[in-house]
Every structure is written in structure tokens, then in C-alpha cells.
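Student:
Residue numbers (this note's numbering): 465 to 914.
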């Protein structure tokens, strides 16, 4: 009998059972389908096994990484140091160029030149110009309060002004000594004379004479010898030489409108006079200040004891800049109402003291003025030492360990090991704390959190 190639060969049972009879059953899958099923099943098993292995491989490192991240950070150490600690009290101040003072007009006329704010004027420099006639800077404490020069044969008319002897005397209004035609309208002489309009001539004695001679001497005009308080003909000759050098007509006469007296080299802070405007006697024309960068600090009378002249302070500048060292250079003696003192400081810190107390102005000079840049009128905080502990042992505050029974200890590192040493704490300052113990000395290493 010929074999039908279309019929499948008998299959052996998977467990070694009897062979199946030839023929096709309705529930029997084709042979190729069964092979594919077996192959797919095997692949699924392999994939699952591979996936499980991959999952296990990924999970283990993650667990290890998580465990490592949760491990405590390595301990830090710091050295026990011997240093000075100081508690600080903070006051608000203003960074600028010191106290400002006005320049008062002593001559009437038209303003023909003004300086720029920020200009520094020295002895003999021109400060202002009225009627094309300059006003020069002299140094001193006493302003010229009368006209000094050769005796005038004919007294000029003028308004009354107070004299140094307490009598009513002429104020600006009299005709001065001859001037160049280009000087414009006649100047009004201001002075304290014995009689109305009289020029105080040779033989006059006074503090204003000394100011005049001291400035002439410093500028190189020394006909009179050493400066004193007596006005002489030699002083008149020195004045004439100075006038020639400055482009003025050499009359030998100096009036209060010719010079303005300031304490020393000054910086033009503000210019109130308007170019082409009217200058009047008694009007505020300019405002000047010192030339050094300083901090003005209003302090209550009760806090004044913290500000000793020469005492070191720290100043926190605005704009996130670091603290700068400075020192107290002047302590005011005149107490003013707190409302007035606010003009000397604003912002930059939390002022100490009671708001209603009278204030004195304390002046602080920076050790490094250039650190303040071009700041002017800026609010700052000034820190004064209220109590100082010198030569004490100190550790970072993070080195303190609170004990269960109370108090504190520090953990000292020694030869790879550590031990707790109870300590007594003192002053806290700048992140450090004063500690004391018979078992502690400078140079030891302690565990700290920072």
C-alpha cells in the first residue's frame, strides 16, 4: 500500500506513551502551530528570566545608592583658638564727607561763576564769582567781619551791622576802595567799624587780622613777618601783592565779600547759587564739607560711652559688601533733639537707644576709604564693641554638645578617638563661643557641625 504523504507521521507521547493512531482530530492543532507555540513559550520564559535578572540587577545598585546617601556625613573638625571676643551694639549711620556747612554771601551782585559739586577747594582757590570778581577761600575759624585796609579819608555810607564790641556798626552798603571798571557795580563793604562806613586801617587788632595774616603767610606773602593779630602797613603791602597775583587791582583793602573762611580744604557738596542769579548778603550760596570719607552716627547720650575717640569699630557698607574697619575720630559734645539728629543718619541698621533721647554726633573714619567706592549719603550700620573678652578659648558654636544632665561639652579628637569634655560657656560673638575647662587648651581639635 502506498503511503499517503499528506498524512502526518504518528507522534510519540511526550511521556513515552503509545503512539497516536493516524488520522486528524478536530481539536488537534497543526504540527507547525504546535512547534511555534513551543518556541514562543520558550522565548517568553527566557524573556521573563532575563527581565527578572535585569530587574534584580537594577534594583540592587539603587538600594546600595540609597543606603550610601543616607549614611551620616563625615565629621568636621575645628581648632580651639585663643582670641578676643566682643559683643557688639549696632547704630545707624550715614556715609559721606562729614558735616556740611553753608557758605554765606557777604556781597551783593550777579553770580557770574559757580563751581561744580564735588570740586575740592584749597587755600586761596576761587570759590565763587560775583560781578566778575572772585571770592577766595581762606582757612580759619573766624570769618572776616569788617573791611581791613588803608584808612579811608572819606567814610562811605552803609547799613548797620553788629560789631565785635557789641555796638551797632555799618553792614554792607558802603562804597569800597577803587576797583577795575570791569568789576561792574560798586561793591558793598561789610564790616564792624568804630564809625559808620570806616575801613579798619593800620593799628587794628583782632582775630580776623590774624586769620588774614596766617593765610597770606601760607600763600607766600610775608611782608609783615610772623602772623599776629595786629594789622599794619606791612600787612597792607602783603595784601596788595596777593591781589596782583590773583588779577585784582592792588588796593590793599580786603572786605568780607572778598574771601570766605572755611576750616580747611573743603569739598563742594551743594551749589545753591544760580549762575546769573542774584547774590545777596546773608544768603546761602554754597554748602561745603570735608574731603575725607567719614560716617556720621547719631548716638544717644547714654550710649555715648561706647564711642571713645580712637576706638575701633566695624562698618557694614550697603550693597552686600563686607564689613570694613574704622575708628572713632570725633565725638560730639552738643546734644541735639533726636528729630534733628535724623539728618545725620538714615537706614542701614537698627538704631539703638530710645527714640526720644537727645543725640550727639559721632564721626567714624574708614581705615580703607576707597572700599566705599563712590557712595555718598548712603546708609550704613556701625558696630561698636559693648563688652570685650580678651585672650579666651573659643570654638565654633556648632561644636557645643548639649548634655542630658544639663550644660554643654565639646568632643575632642585625640589619636584617632574622641572624648567628651564638659565646658563652661561664656560670650557668643561672630559664630564663636567662649569655653573654659581644665582639660581644654588652644590647638586641640574638636568635632563641629559647621
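Cβ coordinates follow ideal geometry from the N, Cα and C atoms, glycine included. Keep in mind it's a predicted model, so treat the numbers as computed, not measured.
Below 8 Å between beta carbons: does that hold for residue 574 and residue 721?
Tutor: No, Cβ-Cβ distance for residue 574 and residue 721 is not below 8 Å.
Student: Quick check on this structure: which residue in 716, 756, 697, 666 has the alpha carbon closest to the alpha carbon of residue 704?
Tutor: If we check each option's Cα against that of residue 704, 716 comes out closest.
Student: To the nearest angstrom, report how far apart residue 864 and residue 878 are at their CA atoms.
Tutor: Distance between the alpha carbons of residue 864 and residue 878: 17 Å.
Student: Go ahead and label residue 512 buried or exposed: buried means 16 or more other beta carbons lie within 10 angstroms of its beta carbon, across all protein chains shown.
Tutor: Unreliable placement is indicated for residue 512, whose pLDDT of 32 sits below 50; the coordinate value is still reported in the next sentence. So residue 512 counts as exposed.
Student: Our contact map puts residue 907 next to residue 544 with C-beta atoms below 8 Å; I'd like the distance itself, whole angstroms only.
Tutor: At roughly 7 Å, the Cβ-Cβ gap stays under 8 Å, so residue 907 and residue 544 are in contact.
Student: How big is the Cα-Cα spacing for residue 754 and residue 794?
Tutor: Using only the alpha carbons, I get a separation of about 13 Å.
Student: Please confirm if the segment 849-866 is in contact with the segment 819-836, defined as three or more CB-CB distances below 8 Å between the two stretches.
Tutor: They do not touch, by the three-pair rule.
Student: Go ahead and pull the three-state DSSP assignment for residue 510.
Tutor: Because the pLDDT of residue 510 is 34, which lies under 50, any placement of that residue in the model is unreliable, and the number read from its coordinates should be weighed accordingly. Correct three-state label for residue 510: helix.
Student: Quick check: the Cα distance between residue 772 and residue 796, rounded to an integer number of angstroms?
Tutor: C-alpha separation (whole angstroms): 11 Å.
Student: Distance, Cα to Cα, residue 910 vs residue 903?
Tutor: The alpha-carbon atoms of residue 910 and residue 903 are separated by roughly 13 Å.
Student: Residue 576 to residue 599, Cα distance in whole Å?
Tutor: Going from the Cα of residue 576 to the Cα of residue 599 covers about 11 Å.
Student: Hey, how far is the Cα of residue 673 from the Cα of residue 791?
Tutor: Near 37 Å, if we compare the C-alpha coordinates of residue 791 and residue 673.
Student: Give me, in chain order, the residues of the same chain whose beta-carbon lies closer than 8 Å to that of residue 744; leave out the 5 immediate sequence neighbours on both sides.
Tutor: If we look at residue 744 and ignore the five residues flanking it on each side, its Cβ neighbours are 569, 572.
Student: Measuring only the C-alpha atoms, how far is residue 913 from residue 856?
Tutor: Those two C-alpha atoms are separated by around 22 Å.
Student: To the nearest angstrom, report how far apart residue 566 and residue 853 are at their CA atoms.
Tutor: One C-alpha to the other measures close to 44 Å.
Student: What residue ranges within the segment 759-783 form continuous alpha helix (DSSP H) runs of no fewer than 4 residues, ordered along the chain?
Tutor: Listed in chain order, nothing qualifies, since the segment 759-783 has no complete alpha helix (DSSP H) run of 4 or more residues.
Student: Going by the CB atoms, is the gap between residue 751 and residue 738 shorter than 8 Å?
Tutor: It is not a contact, given that the beta carbons lie outside the stated cut-off.
Student: Please check the pair residue 831 and residue 788, which I expect to be a contact at CB under 8 Å, by giving their CB distance rounded to whole angstroms.
Tutor: About 7 Å separates the two Cβ atoms, so the contact holds.
Student: From which residue to which residue does the alpha helix (DSSP H) around residue 669 run?
Tutor: Residue 669 -> no alpha helix (DSSP H), and no H or E assigned at all.
Student: In the DSSP assignment, find the alpha helix (DSSP H) that holds residue 705 and state where it starts and stops.
Tutor: Taken as a continuous stretch (DSSP letters only), the alpha helix (DSSP H) holding residue 705 covers 697-709.
Student: Tell me the rounded alpha-carbon separation between residue 896 and residue 553.
Tutor: Their backbone Cα atoms lie some 17 Å apart in a straight line.
Student: Just tell me which of 851, 747, 778 has its CA closest to the CA of residue 548.
Tutor: Closest by alpha carbon: 851.
Student: Where do the N-terminal and C-terminal ends of the beta strand (DSSP E) with residue 892 fall, by residue?
Tutor: Per DSSP, residue 892 belongs to the beta strand (DSSP E) from 881-893.
Student: Less than 8 Å between the beta carbons of residue 887 and residue 876, yes or no?
Tutor: Against a cut-off of 8 Å, the Cβ pair of residue 876 and residue 887 comes out as no contact.
Student: Under the assumption that residue 944 contacts residue 726 (Cβ atoms under 8 Å), give the Cβ distance between them as a whole number of angstroms.
Tutor: As displayed, the chain neither begins before 465 nor continues past 914, which places residue 944 out of reach and without an answer.
Student: Taking buried to mean at least 16 other C-beta atoms within 10 Å of its own C-beta, is residue 695 buried or exposed?
Tutor: Classification of residue 695: buried, given that the 10 Å Cβ count is 16 or more.
Student: Express the C-alpha separation of residue 561 and residue 899 in angstroms, rounding to a whole number.
Tutor: Between residue 899 and residue 561, the C-alpha separation is close to 42 Å.
Student: Between residue 666 and residue 697, how many whole angstroms is the CB-CB distance? I'm expecting something under 8 Å.
Tutor: About 5 Å; that satisfies the 8 Å criterion.
Student: Within the same chain, show all residues whose beta-carbon is closer than 7 Å to that of residue 607, passing over the 5 residues directly before and after it, in chain order.
Tutor: Closer than 7 Å at the Cβ level, and outside the excluded window around residue 607, lie 720, 725.
Student: Round the Cβ separation of residue 718 and residue 555 to the nearest angstrom and send it over; I've been treating them as touching at under 8 Å.
Tutor: Rounded, the Cβ-Cβ distance is 44 Å, inconsistent with contact.
Student: DSSP state of residue 685, grouped into three classes?
Tutor: In this structure, residue 685 counts as coil in the three-state DSSP scheme.
Student: Strictly by DSSP, which residues pair up with residue 878?
Tutor: The partner list for residue 878 (beta bridge, DSSP) reads 881.
Student: In or out: residue 868 buried (at least 16 other Cβ within 10 Å) or exposed?
Tutor: Counting Cβ neighbours within 10 Å, residue 868 comes out exposed, since fewer than 16 surround it.
Student: Which value, in whole angstroms, describes the spacing of the CA atoms of residue 693 and residue 683?
Tutor: Straight-line Cα distance between these residues: approximately 17 Å.
Student: Considering only the alpha carbon of each residue, which of 799, 680, 730 lies closest to residue 581?
Tutor: The candidate whose alpha carbon is nearest that of residue 581 is 730.
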